[in-house]
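For reference, the structure is listed below as structure tokens.
Protein chains in written order, with the UniProt record's numbering: chain A, 1 to 290; chain B, 1 to 290; chain C, 1 to 290; chain D, 1 to 290.
Structural data, given as structure tokens:
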């Protein structure tokens, strides 16, 4: 499953109304251009009549280049009313990370990035606190401190948007950023703005989920990686994970244990996103896990 | 951990305000009567200043009998303002099971009971449907069909209460019973009325949790075993479990997969209850898992 | 994912050397005959250069019948050197179950079958003990008692083979059968003889795995569902599962806890097999989990 | 459960032959000195007739100091033939970490240490490679590069032993160190030398476990945190964890996925060790998990 980023490959993502002959048409198109399939995932939502496909194509097998592929594929895409894109996997995505005071998710992502686990570059980290600067800069990544004053946050978010734009980030990860993102950014980065919520959504929506979990006496706590929409904590879920707790855990223990599932859910969710395994439709996702 | 039911043993359960010397006093009391501890669990809720203890005592090591123990222990219990009881583990608890149309939880409990996994007798099964009669009777257990008409349920629940009383059930298990239990029964069987809810509470409270889970697009579904109180789905949680689902699961798949976690959460929860591992305080539980 | 057995559908299973154009050729073949894909799974083993496909085709969409499909598909299959078969999902597979003294796996399978979770019929249960007869017959399934004397087992296995043949079983499930199956049966039912081993293979191969696990002090125990080959405990693995144990578990506790993972691993493994999600190659499996 | 390291507390660890009255005697001893129990765990191995206890005592409640406690407790300990020790939790243990080329376990431990998750100091990191120096030094921890030449390793290990001694390390963690530790160090640090093995022991003992797991076609891979003894991969197990893999995982994917369970098993194992939750007896452990 692991397409080594150094090996040339393209990922073709398609979703469209289901119809007889779609797969045949797509695969014939690819085969006629010499394309060898490294990985292929399909899903048909029979109820909704909707078709989803992810094909990873060996780049060296293709007789045409990326742009030519797009040109020649367009008429076929139109015929089946496809939403689609082709990704060149040799070009790592640019991922801006936003963090607040907590280091655990950020440290985990930076380590995975440095270990070549994630096929992306990280052009910048933005935080409303200063405390993580040294860790970020040690990784050779620019750190931007953008305080977010309670009274007026608009200027801070304007500045934030500029930084992200300047760094040409395609995806934004909120690694426990803890600030509500303004609607403008949510819609600009629709399907590309990833959050980790520190509860097993839809349980304990909103602030202080660990306190709420402690008060309710649950026996498992969780974390949810999801795309951010204007509806707080209601966006499409990419990945979730849980961990067992007991009566002997106080709230601080839950916070500590929760960090482990936050890390794992976020890093898996981001990985799925970067490998184009996630297709959003409405408020739900198709996730072609390996 | 497994105290074989045939081997004579007593379980002493205590909860009280925390104080220096409680454990010493209790253990000295037991030791002075020759009592050998097979298993001992303690918990101190530092925040609440509350102490919890579960001691399993080898019956053959005790120099006094059960009643004498209770008599002699009472003054000590008073001194520390204990809530306490002593259980003779050679007397299996009497557990009435209530079920509706679905067989999976009931079949699982009956099989475990027949396999001597649960230290209880099952004096009766009550259902508002007829379809499970044969399965229950094959196990040699009386089956009572008590229909619950939508218009007026009071008579049905009066009848139900009579059956349970007649069978001298100490604990009631709702094995997917799907009817709201009237407050009178809830309070009579407080801490002894166990339900399995087919969601990871507090997510998807109320009816049709699998449909809600499907609509929300969660990546894990769960089940919750809890004591029933008058507040629907809000009682103290004993045990929870989850299972992974994907975009390829429709609602029926979730229902099917959910059965497995319903079974496991309910059977573990009941086991903990029958082994006196669960101590309720307020709306939360201490569960001394093995 | 759940193809309701009542709804007409066919599953096409293919494995062959990888080559450009295979998927296109297959899908074009299906599309030209009106075939609508309900589910499609593919895998390419890049290292081995081998291709695997599972397509579930809506039966009502096909313009030709099953036999015609086979005839017309054969030349294509030859061209790509395919190993392949087409399954009519409206014809449930015939599964003979063999059990010994333990009831838990058998009871679980029978309950799932009765609940329509498994798309199969169970023409018979064979056991070397008498104790499970009543349970099996209550389900309306013929029970055959075939004792296996230690001195000479050949006659017993001849009788067993006859019973299985007479009942035209396509698949045999060893639900904790605890006897070594003779090579002749292993090879006759290659890829169709499923065992549940009560350990996390390759740990604790051979007899008494729970005792060995207890002696080694492991913190997780497991179960392994695999196809049986002549090499004991070495056949292709279909599914595995684990459960946490602690120092407080004695060997009997491990046996009891292990039952739960034996049940879950076996029932999932059998389900995958019955849905033709498992393709064996060499000593390994491709399992297209839903 | 979380005893904040800043709050004064002592942990008393005892194991001895089981006898009536042990707990009473111990708890009376503590209570008579005003000691308030924050946490208490007991286990009786009935088969072996052996008793295990872990008591966490509130330091401020005690009327005597640490040394006096030890003096006064000694006669009681002798009477019951106890192996025992008392730990002052305000003095963090000194943990030396040894690593090789891989960064994931080391980075995880350093981050947890820096986040105050682990009650220890890390006086030094020793590695046979240079590549992790910068990461270690960024954390303000001395890094020692001790190459281990294939031809003669004795000098390297002598040097290693000196460094560890000089830094007065009480516990050594092998964070994927990948070299066999000589018997002298194993026995000097018996019960204080912790390794993470990259397989679910006893499966795939020895080198290249991920390759072996890939070749066998297992569906779960794991990691094992254990104390090192002279018998390679055979020491007492502290903690294990597993993660699901599929046919689509090649060996490199297994290596990558395995890192996550290596991290989690090692960090939990070390945490249990640092909180004196682990008692070794023979080749097995009692682990009082929270």
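All C-beta atoms in this analysis are idealised placements derived from N, C-alpha and C, irrespective of residue type, glycine included. Nothing here was measured: the structure is a model prediction, and the numbers come from that model.
Backbone secondary structure at residue i - three-state DSSP
i: residue 124/A; result: coil
i: residue 147/C; result: coil
i: residue 69/B; result: helix
i: residue 118/A; result: coil
i: residue 162/C; result: helix
i: residue 130/D; result: coil
i: residue 6/B; result: For residue 6/B, the predicted structure reports a pLDDT of 46, less than 50, and the residue's modelled location is therefore unreliable. The matter cannot be settled from this model.
i: residue 98/B; result: strand
i: residue 33/C; result: coil
i: residue 107/A; result: helix
i: residue 58/B; result: strand
i: residue 91/A; result: coil
i: residue 153/C; result: coil
i: residue 281/A; result: strand
i: residue 26/A; result: helix
i: residue 169/A; result: coil
Per-residue contacts from residue i into chain D (C-beta, under 7 Å)
i: residue 223/A; result: The contacting residues do not exist; residue 223/A stays about 14 Å from chain D at best.
i: residue 202/C; result: 203, 216
i: residue 242/C; result: 220, 242
Partner residues on chain A for residue i, Cβ-Cβ distance less than 9 Å
i: residue 236/B; result: 217
i: residue 31/C; result: 20, 21, 22, 23, 24, 25
Cross-chain neighbours of residue i in chain C, by beta carbon under 7 Å
i: residue 42/A; result: 40
i: residue 144/D; result: Chain C residues near residue 144/D: none, gap ~32 Å exceeds 7 Å.
i: residue 285/D; result: 217, 247
Cross-strand partners of residue i (DSSP beta bridge)
i: residue 84/D; result: 14/D
i: residue 50/D; result: 17/D, 45/D
i: residue 40/D; result: 55/D
i: residue 271/D; result: According to DSSP, which records beta bridges pairwise, residue 271/D is partnered with nothing at all.
i: residue 136/C; result: Answer is none; residue 136/C lacks a bridge partner.
i: residue 174/B; result: 98/B, 195/B
Contacts of residue i in chain B (Cβ-Cβ under 8 Å)
i: residue 12/D; result: Result: empty, since nearest Cβ-Cβ is about 13 Å, beyond 8 Å.
i: residue 61/D; result: 20
Neighbouring residues, chain A, relative to residue i (Cβ below 8 Å)
i: residue 35/C; result: 20
i: residue 260/D; result: 264
Where residue i meets chain B, residues with beta-carbon distance less than 9 Å
i: residue 81/A; result: None at all; the shortest Cβ gap to chain B is about 21 Å.
i: residue 211/A; result: In chain order: nothing, as chain B lies at least about 12 Å away.
Contacts of residue i in chain B (Cβ-Cβ under 7 Å)
i: residue 107/C; result: 111
i: residue 27/D; result: 23, 24, 27
Contact set between residue i and chain C, taken where Cβ atoms lie within less than 8 Å
i: residue 46/A; result: 38
i: residue 104/B; result: 111, 115
Assumed close pair residue i, residue j - CB separation to whole angstroms, cut-off 8 Å
i: residue 53/C; j: residue 26/C; result: 7 Å
i: residue 167/D; j: residue 94/D; result: 7 Å
i: residue 192/D; j: residue 160/D; result: In fact, because the Cβ distance is near 15 Å, the residues do not count as touching under 8 Å.
i: residue 209/B; j: residue 198/B; result: 5 Å
i: residue 194/B; j: residue 270/B; result: 6 Å
i: residue 92/C; j: residue 121/C; result: 5 Å
i: residue 51/C; j: residue 105/C; result: About 35 Å; that fails the 8 Å criterion.
i: residue 20/A; j: residue 31/C; result: 6 Å
Chain-ordered neighbours of residue i on chain D, where CB pairs are closer than 8 Å
i: residue 294/C; result: With chain C running from 1 to 290 in the structure shown, residue 294/C is simply not present.
7 Å Cβ cut-off: residues of chain A touching residue i
i: residue 138/D; result: 138
Per-residue contacts from residue i into chain D (C-beta, under 9 Å)
i: residue 250/C; result: 45, 46, 47
Which ranges does the alpha helix (DSSP H) cover as unbroken runs of at least 4 residues, wholly within the segment 181-267 of chain A, from first to last along the chain?
183-188, 209-216
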